[in-house]
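Chemist: My structure is below; once you've seen it, I'll send some questions.
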Ligand code: SF4
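Chains as they are written, first to last, in the working numbering: chain E, 1056 to 1224; chain F, 4 to 417.
Here is the structure:
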């Protein structure tokens, strides 16, 4: 996975639940493009048309609360979102995103407006708002999550390692 | 060493060494469960990981409940993937109509106190009702459990929530659960476990405790553990293994005055937008729904039947009822509850998630107001983003169905 990239920000608010990321009625499919077609539809019906591949989603607190559906981060990833930056995430969403290889960063004090150019450095854990010339540090992640993301997700991680190694936490 | 919380006790046993809050650890998992929303992706990920048979097929459960029976050919194919996986690997399948996953795991004795249970469904926290550390994960995490029999996690800090006093007649476990979510807030327990205890809980049945633990995830909790005082199970269990040490340390301690509690309602679109029923009296209602893993059990249907006995739902109101399992449905058929509710105008839906998650069946119209016994009222949750969903107890929902508007069930009785 590329560890440094830039993208245009799409900024939304607090408490965006997984039902609004992808409604329950669309989750019953293995065709991931179907998911992407309806991503964030109940939050912003125009999101799909505004999104360019590589854009970054910026949100407030508790992003991804609610259901455990992994279809939520999958829909974002397949639609072309390169990373989600939020003040903090709901627990299951955060884990799911890492497991499927969608970078997620917790930045408690990020300031950005929609359209700002942001740069993300996963290895350094740094988010820069290039438009506003500001720089932020993301909260540290456990090593196991860094390893999983580094290998492109949990499927690849377990294919390589076979199981979880307590000493790699 | 300081005393342990319930989460620390259970996770220490599964880590094979003492672990405390904030520690990262790998644990052995006792059981894994997935639904038709999450199983197809989990099976795909499991195969991609190189898996052929789950680590323990007898402790791997597949439940077809979210869109059940299949509403279209696309979903029928997903159900078939689950049936085929069960045939091939020996994993246990619950097919169409048997009931909602969480109800089945407890009703069918698939989970016991002190176990570490992982489910690919966020309301897996329900099993905290009997003192299991049970938590929801996504499909790929569940696939990893099937592959390895293990998972990694951070031992959560714990919030202690005490509900003092006995609740008054007319107030139900659901009111307590909604009050709890209102008090702690939507993200109030994110990354943390919640221990729920107090005098109000002691007389409660396992069914009622399930209603309470179920809403743990509506506060973001990793696990919701109800203390075992008063818990009755049909087998012996070690209560000390699911009780905290007296000197356990908590990040927060909160109390709710159970004796003062009025029936509660959560307003759309947030489960934590909880108010006393009094604020909403007179709100016009189009749809009333009784069911789900929160309130689809026999005592919930009984509560509704007490109110609907000999009455008819108000003109223009649709009342839908779904028993949480076939066993619940059968019991309600045998004791006459089904007849009472049907005579009052209720439409029975198959045992399963039904309208709860908007996948099929009972989708409300634009601008319609729904009162539901479910746990979530997010925008679009029931399949239409233009509908408004209020969450309440079975008695409040039944009373609204009769009156055509939100009323205090106590006012209907005289
Ligand atoms: S009844 Fe609703 S909340 Fe419960 S498992 Fe089904 S969809 Fe989820």
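C-beta atoms are modelled at their ideal positions from N, C-alpha and C, and glycine is treated no differently.
As the structure is a prediction and not an experimental result, all values here were calculated from the model.
By a C-beta neighbour count over all protein chains shown, 10 Å radius and 16 as the cutoff for buried, is residue 1212 of chain E buried or exposed?
Modeler: Translated into positions along the first chain, residue 1212 of chain E becomes position 157. The residue is buried, with at least 16 neighbouring Cβ atoms inside 10 Å.
Chemist: Which residues in the same chain have their Cβ closer than 8 Å to the Cβ of residue 265 of chain F, if we skip the five residues on either side of it in sequence?
Modeler: As a first step, residue 265 of chain F is located in the second chain; it is residue number 262 there, counting from the start. Correct list, in chain order: 174, 178, 279, 280, 281.
Chemist: Tell me the DSSP secondary structure of residue 267 of chain F in three-state form.
Modeler: To locate residue 267 of chain F, count along the second chain from 1; it is residue 264. Strand.
Chemist: When burial is assigned at 16 or more other CB atoms within 10 Å of the CB, is residue 1143 of chain E buried or exposed?
Modeler: In the first chain, the residue the question calls residue 1143 of chain E occupies position 88. The residue in question, residue 1143 of chain E, is buried, as its Cβ has 16 or more Cβ neighbours within 10 Å.
Chemist: For the alpha helix (DSSP H) containing residue 1200 of chain E, list its first residue and its last residue.
Modeler: Position 145 of the first chain, counted from the first residue, corresponds to residue 1200 of chain E. Unbroken alpha helix (DSSP H) run through residue 1200 of chain E: 1198-1205.
Chemist: Take every Cβ of the stretch 286-301 of chain F, pair it with every Cβ of the stretch 309-329 of chain F, and state whether three or more of those distances are shorter than 8 Å.
Modeler: yes
Chemist: Counting only the same chain and skipping the five closest in sequence on each side, list residues whose C-beta sits under 6 Å from that of residue 223 of chain F.
Modeler: The sequence position of residue 223 of chain F within the second chain is 220, counting from 1. Taken in chain order, the residues that qualify are 190, 192, 193.
Chemist: How long is the line joining the alpha carbons of residue 1093 of chain E and residue 1173 of chain E, rounded to whole angstroms?
Modeler: Here residue 1093 of chain E refers to the residue found at position 38 when the first chain is read from its first residue. Here residue 1173 of chain E refers to the residue found at position 118 when the first chain is read from its first residue. Approximately 25 Å between the Cα atoms of the pair.
Chemist: For residue 63 of chain F, which residues in the same chain have their Cβ closer than 7 Å to its Cβ, ignoring the five residues on either side in sequence?
Modeler: For the purposes of this step, residue 63 of chain F is taken as residue 60 along the second chain, with counting starting at 1. Excluding residues within five positions, the ones whose Cβ falls inside 7 Å are 35, 57, 94, 95, 149.
Chemist: Please name the residue in F:171, F:84, F:199, F:32 whose C-alpha comes closest to that of residue 418 of chain F.
Modeler: Past the boundaries of the shown model lies residue 418 of chain F; chain F is included only from 4 to 417, so the question cannot be answered.
Chemist: Within the 8 Å Cβ cut-off, does residue 1164 of chain E reach chain F?
Modeler: The residue given as residue 1164 of chain E occupies position 109 in the first chain. Among the CB atoms of chain F, none fall inside 8 Å of the CB of residue 1164 of chain E.
Chemist: Would a check of beta-carbon distances place residue 1078 of chain E closer than 8 Å to chain F?
Modeler: As a first step, residue 1078 of chain E is located in the first chain; it is residue number 23 there, counting from the start. So, interface residue.
Chemist: Between the alpha carbons of residue 1067 of chain E and residue 1114 of chain E, how many angstroms are there, rounded?
Modeler: Walking along the first chain from the start, residue 1067 of chain E turns up at place 12. Walking along the first chain from the start, residue 1114 of chain E turns up at place 59. So the alpha carbons of these two residues sit roughly 5 Å apart.
Chemist: Would residue 1077 of chain E and residue 1090 of chain E be called neighbours here (beta carbons separated by less than 8 Å)?
Modeler: Numbered from its first residue, the first chain carries residue 1077 of chain E at position 22. Numbered from its first residue, the first chain carries residue 1090 of chain E at position 35. Cβ atoms of residue 1077 of chain E and residue 1090 of chain E: closer than 8 Å.
Chemist: In the DSSP assignment, what are the bridge partners of residue 37 of chain F?
Modeler: Position 34 of the second chain, counted from the start, is the residue given in the question as residue 37 of chain F. For residue 37 of chain F, which the question treats as bridged, DSSP gives the partners F:65, F:123.
Chemist: In the structure shown, what three-state DSSP assignment does residue 143 of chain F receive?
Modeler: For the purposes of this step, residue 143 of chain F is identified with residue 140 of the second chain, where counting begins at 1. Three-state result, residue 143 of chain F: helix.
Chemist: Consider the Cβ of residue 62 of chain F: report whether some Cβ of chain E lies at a distance smaller than 8 Å.
Modeler: The count along the second chain starts at 1 and reaches residue 62 of chain F at position 59. So, not an interface residue.
Chemist: Show which residues of chain E have a CB atom less than 8 Å away from the CB atom of residue 194 of chain F.
Modeler: As a working note, residue 194 of chain F is residue 191 in the second chain. In chain order: 1146.
Chemist: Return the CA-CA distance between residue 1121 of chain E and residue 263 of chain F, expressed in angstroms with no decimal places.
Modeler: As a working note, residue 1121 of chain E is residue 66 in the first chain. As a working note, residue 263 of chain F is residue 260 in the second chain. So the alpha carbons of these two residues sit roughly 29 Å apart.
Chemist: Any chance you could list the alpha helix (DSSP H) runs of at least 4 consecutive residues sitting entirely within the stretch 337-399 of chain F, in chain order?
Modeler: 340-346
Chemist: Could you tell me which of F:256, F:135, F:413 sits nearest to residue 201 of chain F, measuring between CA atoms?
Modeler: What you label residue 201 of chain F is simply residue 198 of the second chain in a count that begins at 1. Ranking F:256, F:135, F:413 by Cα distance to residue 201 of chain F puts F:256 first.
Chemist: Residues of chain E with CB under 8 Å from residue 189 of chain F, in chain order?
Modeler: Taking the first residue of the second chain as 1, we reach residue 189 of chain F at position 186. Under the 8 Å cutoff, chain E gives 1070, 1117, 1120.
Chemist: Would you say residue 126 of chain F touches ligand 1, meaning its beta carbon is less than 7 Å from a heavy atom?
Modeler: Numbered from 1 along the second chain, position 123 holds the residue referred to as residue 126 of chain F. At least one heavy atom of ligand 1 is nearer than 7 Å to the Cβ of residue 126 of chain F, so yes.
Chemist: What does DSSP give as the partner residue(s) for residue 1063 of chain E in the beta ladder?
Modeler: As a first step, residue 1063 of chain E is located in the first chain; it is residue number 8 there, counting from the start. By DSSP's assignment, residue 1063 of chain E forms a beta bridge with E:1172.
Chemist: With respect to the beta strand (DSSP E) encompassing residue 323 of chain F, which residues constitute its N-terminal and C-terminal limits?
Modeler: Against the second chain, residue 323 of chain F aligns to sequence position 320. Start and end: 321-324.
Chemist: Quick check on residue 1184 of chain E: does DSSP put it in helix, strand or coil?
Modeler: Taking the first residue of the first chain as position 1, residue 1184 of chain E is located at position 129. In this structure, residue 1184 of chain E counts as strand in the three-state DSSP scheme.
Chemist: Take the Cβ of residue 380 of chain F as the centre, count every other Cβ of all protein chains shown within 10 Å, and call the residue buried at 16 or more, exposed below.
Modeler: Residue numbering aside, residue 380 of chain F sits at position 377 when the second chain is read from its first letter. So residue 380 of chain F ends up on the buried side.
Chemist: Confirm, please, whether the CB-CB distance from residue 143 of chain F to residue 1096 of chain E is below 8 Å.
Modeler: Stepping through the first chain from its first residue, residue 1096 of chain E is reached at position 41. Stepping through the second chain from its first residue, residue 143 of chain F is reached at position 140. No, these two residues do not count as a Cβ contact at 8 Å.
Chemist: Could you check what DSSP says for residue 1091 of chain E in three-state terms: helix, strand or coil?
Modeler: As a position in the first chain, residue 1091 of chain E is number 36, starting the count at 1. Assignment of residue 1091 of chain E by DSSP, reduced to helix, strand and coil, places it in the helix class.
Chemist: Straight-line CA distance for residue 46 of chain F to residue 66 of chain F?
Modeler: Here residue 46 of chain F is taken as the residue at index 43 of the second chain, counted from 1. Here residue 66 of chain F is taken as the residue at index 63 of the second chain, counted from 1. Their Cα atoms are separated by approximately 13 Å.
Chemist: Express the C-alpha separation of residue 1210 of chain E and residue 77 of chain F in angstroms, rounding to a whole number.
Modeler: Numbered from its first residue, the second chain carries residue 77 of chain F at position 74. Numbered from its first residue, the first chain carries residue 1210 of chain E at position 155. Computed Cα separation, rounded: 25 Å.
Chemist: Which residue spans inside the stretch 82-113 of chain F form an unbroken alpha helix (DSSP H) run of at least 4?
Modeler: 104-110
Chemist: Which residue's Cα is closest to the Cα of residue 1101 of chain E: E:1065, E:1133, E:1074?
Modeler: In the first chain, residue 1101 of chain E corresponds to position 46, counting from 1. Cα-wise, what sits closest to residue 1101 of chain E is E:1065.
Chemist: Mind checking whether residue 1079 of chain E and residue 1155 of chain E have CB atoms under 8 Å apart?
Modeler: Position 24 of the first chain, counted from the first residue, corresponds to residue 1079 of chain E. Position 100 of the first chain, counted from the first residue, corresponds to residue 1155 of chain E. The answer is no: Cβ separation not under 8 Å.
Chemist: Using a Cβ-Cβ distance under 8 Å, would residue 86 of chain F count as near chain E?
Modeler: By one-based count along the second chain, residue 86 of chain F stands at place 83. It does not; no Cβ of chain E falls within 8 Å.
Chemist: How would you list, in chain order, the residues of chain E whose beta-carbon sits under 8 Å from the beta-carbon of residue 347 of chain F?
Modeler: To locate residue 347 of chain F, count along the second chain from 1; it is residue 344. Under the 8 Å cutoff, chain E gives no residues; its nearest Cβ is about 29 Å from residue 347 of chain F.
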